[in-house]
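This report concerns only the one structure given below.
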Amino acid sequence: MSAFWRFLKLSVQEDYRMPIAELFAFLMALAPLTLYASGVNYAVLKGSAAFSFLSSALGLAGFLFLILILKNVSFGMGADLEKGITNTFLTFPMSRAKYLTAKLVSGALIPFVMFMFAPLPVALAFAPHFSDWGVLLLYWGVEASGMMVIIGLMVLVALATKKGSTSLIAGLALYFGSEFANAFAIFYAERGNADLFYVLSVLNPLELWTAHYSRMFRSFSISVSATTAAALTATSAALGVALLIIAFMTFDRVIDL
Amino acid sequence: MPIIEAKGLRKRYGSFEALKGIDFEVQEGKVVALVGPNGAGKTTTLKILSGFLRPTEGRVSILGKDPWSHPELKKDVAYILDRPNFPPHVKVKDFLKEAALMVGEAPDVGEEYLEALGLQEYAQRSFSKLSAGNMQKFAIAVALLRRPKLVVADEPSSNLDPGARAQLYDIISKLRKENGTTFFISSHVLTEMEKVADEVIIMAEGQIKAQAPLGQLASSLSGSSFRISTDKPELLAEALKGQVVEGKVMIGEQSASLSTIDEAAKRVGARIISVERVGSSLDEIFKKLVGEE
Numbered sequence: 001m002s003a004f005w006r007f008l009k010l011s012v013q014e015d016y017r018m019p020i021a022e023l024f025a026f027l028m029a030l031a032p033l034t035l036y037a038s039g040v041n042y043a044v045l046k047g048s049a050a051f052s053f054l055s056s057a058l059g060l061a062g063f064l065f066l067i068l069i070l071k072n073v074s075f076g077m078g079a080d081l082e083k084g085i086t087n088t089f090l091t092f093p094m095s096r097a098k099y100l101t102a103k104l105v106s107g108a109l110i111p112f113v114m115f116m117f118a119p120l121p122v123a124l125a126f127a128p129h130f131s132d133w134g135v136l137l138l139y140w141g142v143e144a145s146g147m148m149v150i151i152g153l154m155v156l157v158a159l160a161t162k163k164g165s166t167s168l169i170a171g172l173a174l175y176f177g178s179e180f181a182n183a184f185a186i187f188y189a190e191r192g193n194a195d196l197f198y199v200l201s202v203l204n205p206l207e208l209w210t211a212h213y214s215r216m217f218r219s220f221s222i223s224v225s226a227t228t229a230a231a232l233t234a235t236s237a238a239l240g241v242a243l244l245i246i247a248f249m250t251f252d253r254v255i256d257l
Numbered sequence: 258m259p260i261i262e263a264k265g266l267r268k269r270y271g272s273f274e275a276l277k278g279i280d281f282e283v284q285e286g287k288v289v290a291l292v293g294p295n296g297a298g299k300t301t302t303l304k305i306l307s308g309f310l311r312p313t314e315g316r317v318s319i320l321g322k323d324p325w326s327h328p329e330l331k332k333d334v335a336y337i338l339d340r341p342n343f344p345p346h347v348k349v350k351d352f353l354k355e356a357a358l359m360v361g362e363a364p365d366v367g368e369e370y371l372e373a374l375g376l377q378e379y380a381q382r383s384f385s386k387l388s389a390g391n392m393q394k395f396a397i398a399v400a401l402l403r404r405p406k407l408v409v410a411d412e413p414s415s416n417l418d419p420g421a422r423a424q425l426y427d428i429i430s431k432l433r434k435e436n437g438t439t440f441f442i443s444s445h446v447l448t449e450m451e452k453v454a455d456e457v458i459i460m461a462e463g464q465i466k467a468q469a470p471l472g473q474l475a476s477s478l479s480g481s482s483f484r485i486s487t488d489k490p491e492l493l494a495e496a497l498k499g500q501v502v503e504g505k506v507m508i509g510e511q512s513a514s515l516s517t518i519d520e521a522a523k524r525v526g527a528r529i530i531s532v533e534r535v536g537s538s539l540d541e542i543f544k545k546l547v548g549e550e
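Dropping the structure here:
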């Protein structure tokens, strides 16, 4: 194993020390039980019904996923920069790019994999005939693209400030700020002006697809075509990738430690 | 070829210039001490050598390569950081094992250094339960387990008790003797550096004030300061334009030499009992160069 894999192993050990991983996996696995309270019978699940089912079944798991990422990026990256632990690791034969890759794999990719698979068995127990796997892939992709934007911004804040607490605050402010702003955007969109809704959907593209599929489930109706939703989701993903590339380039070429 | 070569290194932080165009070389197998007061630019220099900082101007090479863009150098070059820190919840023994594997060594190679530095009893603990001194010792063990060609160390003894300092300097001497390891060490503990350093670089205000072998530096800076025992101190002091202190003639003129003392003694008919060169310790040289009292 190269220095990269050794470092990744240590990062995972630090990010998921007992019982963090176990607790989050357990909570994510049980999160779909909230469906039970809704009393909805999910017999036939295709298209919009499938999307709505996934939104309900995976919503809480997605929130837990966000909390885990906020913790990992702020403590795993910001605090390590702040305390000089990053410098310790960079005294080993490993490039800065590999360091950051390992941190993101440990801090973000592993929680995403947990989010993808941990809640699925319980969710599917509610809907044994679920078969619209395309919608499931779409749901995962949309969730990932929105999260990439938040992660990219948090990493940049962590690199700029070299403080765990600041990047945590930035992540929380970004997520909850976008949720509040989105509520206003929907309010205005229902009254005919959807511009703000579309702009904010780059941060949270799940709202686009919810709007696209939601006519039968929600009181408001914003008509979002699949093409528009796909284009804006792609924009969101591109923004997330761009932010991560900027973070990599900044860390690799600019940041003094 | 020098193992470290720095040419025209400048580092600016905004309008503050931490390094003002320094040049130096470190030859293989030497122990070189970088000394200077706080704010002299020592840590900035070491961070540039470690690839943690990029110089604003100038270039640095270690084993012929730029440390910023060649992280693979760290297989052969070990860095001991000032106030080192480790992931708080990882156990000492786990980190040591992974650290050895990261540099291509056997997993148990670090145990030798744990023992040498008296850290075996802490092996099962996590880093959050280690004192700053033990963290420093552990950083030394982690740096040395790769059997480096060069060790760059920033104040490696700063958190250590006197016993651990002695252990550290024993290890330096041993590695240098057995493996020909080169050491580039910044320190405030000048008297200890004197025991191990071959060469000294003295820095102040972002500039190098002197670089020379310790002995040469001492003799060049002390000039020809001598303490002479003689049967006619007053006469000899007058002839050499010196002073009589506690019955001995003290001369500190830059131009004085053993031959001028001899000539003056013959001229005034004084018998020389002993001549003692008043050498400068590293501390004295340092104070003289940077103007510290």
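Chains A and B supply the protein sequences, listed in that same order. Residue numbers for the first sequence follow the working numbering, beginning at 1 and rising by one. Residue numbers for the second sequence follow the working numbering, beginning at 258 and rising by one. Using N, Cα and C, we set each Cβ at its ideal position, and we do this for glycine too.
Look up D280(B) in the DSSP assignment and say whether it is helix, strand or coil.
-> Looking at D280(B) - three-state DSSP - the assignment turns out to be strand.
heavy atom of the ligand SAM below 7 Å from L206(A) C-beta | With respect to the ligand SAM, the structure offers nothing, as it holds no ligand at all.
Measuring only between beta-carbons, confirm whether N72(A) sits less than 8 Å from chain B.
-> Not closer than 8 Å to any Cβ of chain B, the Cβ of N72(A) fails to qualify, so no.
Give me the Cβ distance between E285(B) and T439(B), rounded to the nearest whole Å; I'm assuming they're in contact under 8 Å.
-> Contact holds; Cβ gap of about 5 Å.
Own chain residues within Cβ distance below 8 Å of D365(B), not counting five before or after = Contacts found: K354 and A357.
Cutoff 8 Å; reference P121(A); Cβ partners in own chain excluding five residues on either side = Hits under 8 Å: A29.
V317(B) beta carbon less than 8 Å from that of V457(B) = Their beta carbons are not under 8 Å apart, which means V457(B) does not touch V317(B) by this criterion.
Report yes or no: do the stretch 89-108 of chain A and the stretch 184-203 of chain A share at least 3 C-beta pairs separated by less than 8 Å?
-> With a cut-off of 8 Å on Cβ pairs, the stretch 89-108 of chain A is not in contact with the stretch 184-203 of chain A, counting fewer than three such pairs.
Any C-beta of chain D sitting closer than 8 Å to the C-beta of E329(B)?
-> Given the protein chain composition of this structure (A and B), no chain D is represented.
M216(A): buried (16+ other C-beta within 10 angstroms of its C-beta) or exposed?
-> With a pLDDT of 41 at M216(A), under the threshold of 50, the modelled position of that residue is not reliable, and no figure is offered here.
E435(B) CB to nearest chain A CB: under 8 Å?
-> No, because no Cβ of chain A sits closer than 8 Å to the Cβ of E435(B).
Close-in-space but distant-in-sequence residues of the same chain around P119(A) (CB under 7 Å, 5 per side omitted) | Excluding positions up to five away in sequence, the list reads M28, A29, A31, P32, A57, L58 and A61.
C-alpha distance - S145(A) paired with A49(A), whole-angstrom precision | Cα to Cα, S145(A) sits roughly 22 Å from A49(A).
Answer with yes or no whether the minimum CB distance from H445(B) to chain A is below 8 Å.
-> Chain A places no beta carbon closer than 8 Å to that of H445(B), leaving this residue out of the contacts.
I think L497(B) touches I508(B), with their Cβ atoms under 8 Å apart; what is that distance to the nearest whole Å?
-> Contact between L497(B) and I508(B) holds, since their C-beta atoms are separated by about 5 Å, short of 8 Å.
Sequence-distant residues of its chain with Cβ nearer than 7 Å to I255(A) (five each side left out) = Counting only Cβ-Cβ distances below 7 Å, and skipping sequence neighbours, we find L159.
For E520(B), which residues does DSSP report across the bridge?
-> E520(B) pairs with nothing; no bridge assigned.
Using the C-alpha atoms, what's the distance from E520(B) back to V501(B)?
-> Using only the alpha carbons, I get a separation of about 18 Å.
Select from the stretch 10-27 of chain A all residues with a C-beta closer than 7 Å to any C-beta belonging to chain B, and list them in chain order.
-> Cβ contacts with chain B come from L10, Q13, E14 and R17.
Looking at the C-beta of S307(B), does it have a partner C-beta in chain A at a distance below 8 Å?
-> Taking 8 Å as the threshold, the shortest C-beta distance from S307(B) to chain A falls below it.
Assuming T91(A) contacts S307(B) under a Cβ cut-off of 8 Å, what Cβ separation, rounded to an integer in Å, is found between them?
-> About 7 Å separates the beta carbons of T91(A) and S307(B), which is inside the 8 Å limit, making them a contact pair.
Thinking just about the alpha-carbon of each residue, which of R484(B), V453(B), E495(B) and P324(B) is nearest to the one in R422(B)?
-> Ranking the options by Cα distance to R422(B), first place goes to V453(B).
So, are the CB atoms of I397(B) and I337(B) less than 8 Å apart?
-> Cβ atoms of I397(B) and I337(B): closer than 8 Å.
List the residues of chain A whose Cβ lies closer than 7 Å to the Cβ of N295(B), in chain order.
-> Chain-ordered listing is empty here: chain A has no CB closer than 7 Å to the CB of N295(B), the nearest sitting near 18 Å.
Return the residues of the stretch 77-89 of chain A that lie within a Cβ-Cβ distance of less than 7 Å from chain B, sorted by chain order.
-> From the stretch 77-89 of chain A, only K83, G84, I85, N87 and T88 have a Cβ closer than 7 Å to chain B.
Cross-chain neighbours of Y379(B) in chain A, by beta carbon under 8 Å = Near Y379(B) there are no residues of chain A at all, since even the closest Cβ is about 17 Å away, more than 8 Å.
From T34(A) to L124(A), what does the alpha carbon distance come to, in whole angstroms?
-> As the crow flies, the alpha-carbon of T34(A) is around 13 Å from that of L124(A).
At a CB-CB cut-off below 7 Å, which residues of chain B make contact with I94(A)?
-> The amino acid at residue 94(A) is misidentified as Ile; the sequence shows Met. The contacting residues are P328.
CB contact flag (T88(A), P341(B), <8 Å) | Between T88(A) and P341(B), the CB-CB gap stays under 8 Å.
Let me know the secondary structure DSSP gives G321(B) once reduced to three states.
-> Residue state for G321(B) is assigned as coil, using DSSP reduced to three classes.
Could you tell me the distance, in whole angstroms, from the CA atom of E314(B) to the CA atom of K268(B)?
-> The straight-line gap separating the alpha-carbon atoms of E314(B) and K268(B) is approximately 7 Å.
In chain order, what residues of the same chain lie with their CB nearer than 6 Å to the CB of L276(B), ignoring the 5 residues before and after it?
-> These residues qualify, in order along the chain: L266, R267, K268, G298, T301 and G463.
Which residue spans inside the stretch 132-178 of chain A form an unbroken alpha helix (DSSP H) run of at least 4?
-> With a minimum length of 4 residues, the continuous alpha helix (DSSP H) runs that stay inside the stretch 132-178 of chain A are 133-161.
Any idea what DSSP makes of Q468(B), helix, strand or coil?
-> If DSSP states are grouped into helix, strand and coil, Q468(B) belongs with the strands.
Looking at the unbroken alpha helix (DSSP H) that takes in N86(A), where does it start and where does it end?
-> Looking at the sequence itself, residue 86(A) is Thr, so the reference to Asn does not match. Where T86(A) is concerned, the enclosing alpha helix (DSSP H) stretches over I85 to F89.
Near M77(A), which residues of its chain fall below 6 Å by C-beta distance, leaving aside the five closest residues on each side in sequence?
-> Same-chain partners within the cutoff: K103 and A158.
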